[in-house]
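Some notes on the structure that comes next.
Protein chains: 2
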Amino acid sequence: MSVNLPLPRADDLLPIAGLQLRAVSAGIRKSNRLDMLVVQFGPTTTMAGVFTQNAFCAAPVLLCRQHLASAPLAWLVNTGCANAGTGEQGRFDALQSCQWLAESLGLQPEQVLPFSTGVILEHLPMQKMQAGIQKATQALQGQAGTAGSTWLEAAQAIMTTDTQPKAASRRIQLKGQTISLTGISKGAGMIRPNMATMLGFVATDLGLEQAHLQALMAKATDLSFNAITVDGDTSTNDSFVCAATGASGLRLTPQDTDWPVFEQAFIDLCQELAQAIVRDGEGATKFITIHVQCAKSSHEARQVAYAIGHSPLVKTAFFASDPNLGRILAAIGYSGVPGLDVSAIELRLNGLLVAQAGGRAASYTEEAGKAAMAESEITVGIDLHRGSHQATVWTCDFSHDYVSINADYRS
Amino acid sequence: MSVNLPLPRADDLLPIAGLQLRAVSAGIRKSNRLDMLVVQFGPTTTMAGVFTQNAFCAAPVLLCRQHLASAPLAWLVNTGCANAGTGEQGRFDALQSCQWLAESLGLQPEQVLPFSTGVILEHLPMQKMQAGIQKATQALQGQAGTAGSTWLEAAQAIMTTDTQPKAASRRIQLKGQTISLTGISKGAGMIRPNMATMLGFVATDLGLEQAHLQALMAKATDLSFNAITVDGDTSTNDSFVCAATGASGLRLTPQDTDWPVFEQAFIDLCQELAQAIVRDGEGATKFITIHVQCAKSSHEARQVAYAIGHSPLVKTAFFASDPNLGRILAAIGYSGVPGLDVSAIELRLNGLLVAQAGGRAASYTEEAGKAAMAESEITVGIDLHRGSHQATVWTCDFSHDYVSINADYRS
């Protein structure tokens with residue numbers, strides 16, 4: 000199940016000049032499905048990335064952090080095996096993979112960013128990796144440019160328990176010139192990113208200083224990939240990387256008057272990609288936006304939003320369309336906000352006032368609550384009445400299918 | 000489903016001199032089931048209690064905190080309605096209930112401790128409360144003593160989604176005299192106590208200073224009710240209260256050489272009652288003990304244990320008996336322990352070494368992992384190799400039935 004938006008159409012995904020994509024089937028875990036993606040970038044490209052804060056972070060994440068400093072010009076992504084919890088051998092395998100790709104593309108191994116996603120505690124099947132890389136680079140070398148359809152294949156090649164590929168584009172005018180942005184993401188479970196999602200990639204043909212790109216990513220990540228949760232489990236492999244190829248010939252800095260246009264388009268794209276992960280959350284039947292306002296700090300607004308977004312009781316009530324809304328109050332109550340005055344809080348469901356003055360609103364009726372809960376897109380609005388900060392978190396409900404999917408994931 | 004131990008036998012539950020129990024059917028939510036418990040204590044009784052830290056705590060919890068200072072001599076417990084998220088009206092209703100019981104028993108209203116459990120955001124049905132209190136007190140006045148069987152009825156009267164009553168006793172020798180302790184508890188969902196469980200009650204015929212009882216409770220709670228989790232949801236109504244009636248004629252202080260015997264029996268009893276809640280956790284099919292050792296502090300040991308105990312991915316893997324044990328490493332990794340060296344960590348499952356040196360142990364086999372996961376009682380052992388502190392947390396798995404129970408709870 001899912002609350003996916005319609006499948007992205009290949010034609011809606013804009014090619015990005017200055018890069019070449021190649022998705023292949025390497026048979027890493029299952030055969031006859033795209034499970035490896037190689038992206039090669041032109042020499043003017045700058046890149047920035049944010050990665051999981053999980054202490055048990057995967058070998059490819061360790062390498063990505065190092066390689067980002069070496070002006071990387073290629074991405075290597077595999078699914079089926081996360082290369083996490085694999086110790087020294089895992090780091091060796093990830094580096095070896097970078098080396099194979101670098102050799103084919105005439106790069107240094109440090110110029111390759113590796114990404115893996117899939118089962119933890121298992122080693123990369125290195126023969127399959129080598130053959131897959133060979134297959135992808137042969138195709139790359141024969142390929143003249145990039146086709147829009149290839150972004151859709153790229154999105155397909157990075158899926159694991161996702162039920163559909165996640166991709167989106169934006170086209171904007173900057174200084175009278177047309178600039179394109181295209182991104183893909185993946186993930187449906189083990190989603191509570193703490194820097195980035197499982198995997199997210201964005202590319203643009205704009206030219207950007209690496210430092211400017213990194214700063215923009217940090218801001219956009221906080222408002223997108225770092226504001227979603229499916230099950231509260233922060234992955235070992237979360238990675239979100241952006242590339243600015245500069246192939247459009249246009250360069251931009253935060254001092255340019257057009258910067259806000261680009262920034263907004265970038266954040267919008269990241270939010271669409273992040274929300275796509277929640278919409279495809281394992282077993283999801285509802286897409287839930289939790290908006291907390293009038294908090295003393297954005298930190299406490301997020302604390303309240305995540306307490307609600309992680310509560311299995313709240314999430315099962317959404318699944319059942321049951322307005323058992325005391326569970327939301329309970330979650331607010333244990334969210335850990337110091338000195339919280341519960342009598343000041345207002346709780347709304349798609350605008351319907353549910354609770355105020357520490358209890359049920361006089362105007363609230365069970366019937367109206369049921370109607371609001373029956374929607375497939377629900378906004379939970381909380382007014383703490385104690386400050387001027389706010390936060391938004393996106394999540395989904397908790398269904399039988401979540402249990403089924405995760406009880407059977409490896410089998 | 001559950002991993003309950005055999006039902007407590009009425010004969011195994013020791014009567015406690017100095018108190019009278021009365022469980023009645025007040026028809027608060029459903030008819031023809033015990034849903035109200037009244038306990039009256041003799042004048043030498045001392046009491047202590049710990050309560051939820053949830054900011055949205057229920058009206059009865061607010062009153063309990065106040066009334067504990069007034070030498071209370073009665074408990075009034077109802078199920079079916081939590082009287083939480085009920086604002087000013089809720090506090091009035093709780094106080095009114097105390098007043099009715101106090102009048103019948105010749106006490107002041109402040110000498111009654113009220114407890115409610117059930118649905119949040121609904122008001123107490125006051126007519127039914129009044130009729131139930133009348134029924135209970137009439138019976139109390141006609142009742143000569145207490146029968147062991149009545150503790151089982153008391154345990155039944157406080158159940159909500161529990162599949163079986165939870166009660167236990169201990170008999171110990173102190174200074175050559177026989178002392179009895181009996182306790183009951185309830186709860187199966189919204190269980191991640193932060194001071195106490197949904198409801199827990201312990202009584203002894205020993206005489207104790209109130210301050211000594213309170214200090215002992217704090218210690219025992221940390222090792223029992225505060226070390227369990229079903230779904231990570233801290234309730235609005237958690238209450239754990241103890242009474243020492245003194246009816247045995249024997250008084251004890253922490254300076255007595257026999258104190259450790261009493262303390263151990265008390266902690267044991269609390270642990271049995273707390274574990275009974277996890278064993279009966281909503282939808283539980285496995286009873287899981289998470290033991291973290293060699294941590295730098297007991298705080299960080301608990302952090303790691305709870306990260307594992309709250310992970311829906313870990314809990315669904317236990318449900319499936321699937322040794323997808325990388326999920327445990329991922330949870331350790333995001334538990335937030337600063338400067339964690341993952342290469343030093345050892346992970347064991349019922350003694351079987353699973354992971355070490357940041358990866359899978361060479362000796363580990365999938366077959367052995369599967370066998371360990373197939374047990375209904377599993378100990379997850381984690382050695383952080385960075386200090387001398389430890390913590391134990393008890394939890395259960397996450398099954399389809401958890402979703403069913405919580406999607407349908409109110410209907």
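Read top to bottom, the protein sequences are chains A and B. If you're matching positions, the first sequence starts at 0 in numbering that gives the first Met the number 0 and goes up one per residue. If you're matching positions, the second sequence starts at 0 in numbering that gives the first Met the number 0 and goes up one per residue. Glycine is no exception: its CB is placed at the ideal position from the N, C-alpha and C atoms.
{"query": "Chain-ordered residues of the region 120–133 of chain A with a beta carbon less than 9 Å from chain B", "result": "L120, E121, H122"}
{"query": "Residues that A:C56 contacts on chain B, provided the C-beta gap is smaller than 9 Å", "result": "G332, V341"}
{"query": "Collapsed DSSP secondary structure at B:P108 in the structure displayed", "result": "helix"}
{"query": "Uninterrupted alpha helix (DSSP H) stretches inside the region 292–353 of chain A (no shorter than 4 residues)", "result": "297–309, 311–318, 325–333"}
{"query": "Below-9 Å beta-carbon distance, A:G186 vs any chain B residue", "result": "no"}
{"query": "Supposed contact pair A:D34 and A:N3 - C-beta distance, whole angstroms, cut 8 Å", "result": "Actually they are not in contact, since the Cβ atoms of A:N3 and A:D34 sit about 21 Å apart, beyond 8 Å."}
{"query": "Beta carbon proximity, B:D321 to chain A, threshold 9 Å", "result": "yes"}
{"query": "Best match in A:P337, A:G380, A:V118, A:C97 for proximity to A:N236 [C-alpha to C-alpha]", "result": "A:V118"}
{"query": "Proximity of A:K185 and A:T116 at Cβ, strictly below 9 Å", "result": "yes"}
{"query": "Beta-carbon neighbours of A:M189, restricted to chain B and to distances below 8 Å", "result": "L312, R326, A329"}
{"query": "Beta-carbon contacts of B:G26 that lie in its chain and below 7 Å, excluding the five residues immediately before and after", "result": "K127"}
{"query": "Where B:S334 falls, given that 16 or more other Cβ within 10 Å makes a residue buried", "result": "buried"}
{"query": "Cα-Cα separation, A:P14 to B:V336", "result": "43 Å"}
{"query": "Other residues of its chain near B:A81: CB distance less than 7 Å, five sequence neighbours each side excluded", "result": "A57, S115, T116, G117, V118, I119, T235, N236"}
{"query": "Spatially closest choice to B:S179 from B:S238, B:I157, B:D161, B:A202, by CA coordinates", "result": "B:A202"}
{"query": "Stretch pair the region 6–20 of chain A + the region 34–46 of chain A: three plus CB contacts closer than 8 Å", "result": "yes"}
{"query": "DSSP-derived helix/strand/coil call for B:H290", "result": "strand"}
{"query": "Straight-line Cα distance separating B:M372 from B:A143", "result": "In this prediction, B:A143 has a pLDDT of 45, which is less than 50 and means its spatial position is unreliable; what the coordinates show is noted afterwards. Each residue's Cα considered, the two are about 51 Å apart."}
{"query": "Proximal residues of chain B, C-beta to C-beta of A:D230 below 7 Å", "result": "P311, L312"}
{"query": "Same chain, Cβ closer than 8 Å to B:A156, neighbours up to 5 away in sequence not counted", "result": "A22, V23, L33, D34, M35, L36, V76, T78"}
{"query": "Where the alpha helix (DSSP H) containing A:V277 begins and where it ends", "result": "258–278"}
{"query": "Three-state secondary structure (DSSP) of A:E376", "result": "strand"}
{"query": "Chain-order list of residues whose beta-carbon lies under 7 Å from that of B:T177 (same chain, five-residue window excluded)", "result": "R170"}
{"query": "Own chain residues within Cβ distance below 6 Å of B:E345, not counting five before or after", "result": "Q355, D382"}
{"query": "Distance, A:A167 Cα to A:C241 Cα", "result": "14 Å"}
{"query": "Proximity of B:L351 and B:R385 at Cβ, strictly below 9 Å", "result": "no"}
{"query": "Best match in A:D230, A:G231, A:F200 for proximity to A:A219 [C-alpha to C-alpha]", "result": "A:F200"}
{"query": "Cβ pair count under 8 Å reaching 3, the region 93–102 of chain B against the region 268–282 of chain B", "result": "no"}
{"query": "Candidates B:C395, B:G380, B:V379: closest to B:F286 by CA position", "result": "B:C395"}
{"query": "Beta-carbon proximity of B:P412 to B:P124, cut-off 9 Å", "result": "Residue 412 of chain B lies beyond the range of chain B shown here (0 to 410); nothing can be said about it."}
{"query": "DSSP beta-bridge partners of B:M35", "result": "B:V23, B:N77"}
{"query": "Residue(s) in a DSSP beta bridge with A:R170", "result": "A:S179"}
{"query": "Opening and closing residue of the beta strand (DSSP E) in which B:H122 lies", "result": "Premise fails: B:H122 is in no beta strand (DSSP E) and is neither H nor E."}
{"query": "Sequence-distant residues of the same chain with beta carbon closer than 7 Å to A:L104, five excluded per side", "result": "Q39, A73, T136"}
{"query": "For B:R64, the three-state DSSP class (helix, strand or coil)", "result": "helix"}
{"query": "Assumed close pair B:G231, B:R191 - CB separation to whole angstroms, cut-off 8 Å", "result": "5 Å"}
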